[in-house]
Amino acid sequence: EKGKETGGRERTRREKERTGTSVAAQRGDEERDGTRTQTINMVRISVLNDCLRNMVNAERKGKRQVLIRPSSKVVVKFLQVMLKNGYINEFVLVDDHRAGKIVVSLNGRLNKCGVISPRYDFSHHEVESWVGRLLPSRLFGKIVVTTSSGIMDHEEARRKKVGGKILGFFY
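To get this note's numbering, take the position in the sequence shown, counting from 1, and add 41.
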């Protein structure tokens, strides 16, 4: 096996001398000081999760505004629920003829928010059990749900007596 390894290295050197570039550079790897590092592109799993994570991180740093990209209908509706409950000041949609951006104005009231994945089903009878699991106190924070009547907080869903799926929470 040692012979194979040295043979492989010799081929790499020959390839480098013949073409003028290293095999690592041809593959898209970066070569620094003789060591190779491969660049990895991350895949965006959840647009809503990235949005909420950016907002919490900006809030912890004490920022007054945060830029969210890309935008989606679910993100906009989630932000409308947060705005209605006073957890953010305002948000502005910026159309860049692509996926869109949102500029969110923070007010310092947001402590934590997150996405519930997978989106669990719930009925209006089960709201109290979910409040106990997700929120630090019964009267503190909101659970955002998507129903047949639209995206709303858990208290509005209880008043309308509708069930649906849980998107996330904030407090």
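By construction, the Cβ of each residue, glycine as well, lies at the ideal position given by its N, Cα and C atoms.
None of these values were measured; they are calculated from a predicted model.
What first and last residue would you give for the beta strand (DSSP E) that runs through residue i?
{"i": "residue 21", "result": "One cannot answer for residue 21 here, as it falls past the ends of the chain, which runs 42 to 212."}
{"i": "residue 97", "result": "First-last for residue 97: 88-102, but that is the alpha helix (DSSP H), not the beta strand (DSSP E)."}
{"i": "residue 203", "result": "Premise fails: residue 203 is in no beta strand (DSSP E) and is neither H nor E."}
{"i": "residue 155", "result": "154-156"}
{"i": "residue 77", "result": "76-78"}
Please return the same chain residues whose Cβ sits closer than 8 Å to the Cβ of residue i, not counting the five positions on each side in sequence.
{"i": "residue 160", "result": "187, 206, 207 and 208"}
{"i": "residue 116", "result": "88, 89, 92, 109 and 143"}
{"i": "residue 202", "result": "165"}
Are the CB atoms of residue i and residue j nearer to each other than 8 Å?
{"i": "residue 126", "j": "residue 146", "result": "no"}
{"i": "residue 166", "j": "residue 184", "result": "no"}
{"i": "residue 112", "j": "residue 141", "result": "yes"}
{"i": "residue 179", "j": "residue 168", "result": "no"}
For residue i and residue j, I'd like the C-alpha separation in whole angstroms.
{"i": "residue 150", "j": "residue 128", "result": "6 Å"}
{"i": "residue 64", "j": "residue 103", "result": "Because residue 64 carries a pLDDT of 49, less than 50, the predicted location of this residue cannot be relied on, and the following value inherits that uncertainty. Their Cα atoms are separated by approximately 46 Å."}
{"i": "residue 170", "j": "residue 105", "result": "34 Å"}
{"i": "residue 198", "j": "residue 211", "result": "16 Å"}
{"i": "residue 153", "j": "residue 77", "result": "39 Å"}
{"i": "residue 200", "j": "residue 132", "result": "27 Å"}
From what residue to what residue does the alpha helix (DSSP H) around residue i run?
{"i": "residue 173", "result": "168-175"}
Considering only DSSP beta bridges, list what residue i is partnered with.
{"i": "residue 129", "result": "147"}
{"i": "residue 191", "result": "188"}
{"i": "residue 106", "result": "146"}
{"i": "residue 178", "result": "181"}
Excluding the 5 residues preceding and the 5 following residue i in the sequence, name in chain order all residues of the same chain whose CB lies nearer than 6 Å to its CB.
{"i": "residue 192", "result": "118"}
Got a sec? Which residues, its chain only, sit under 7 Å from residue i by beta carbon, not counting five neighbours each side?
{"i": "residue 175", "result": "184 and 210"}
{"i": "residue 94", "result": "none"}
{"i": "residue 85", "result": "91"}
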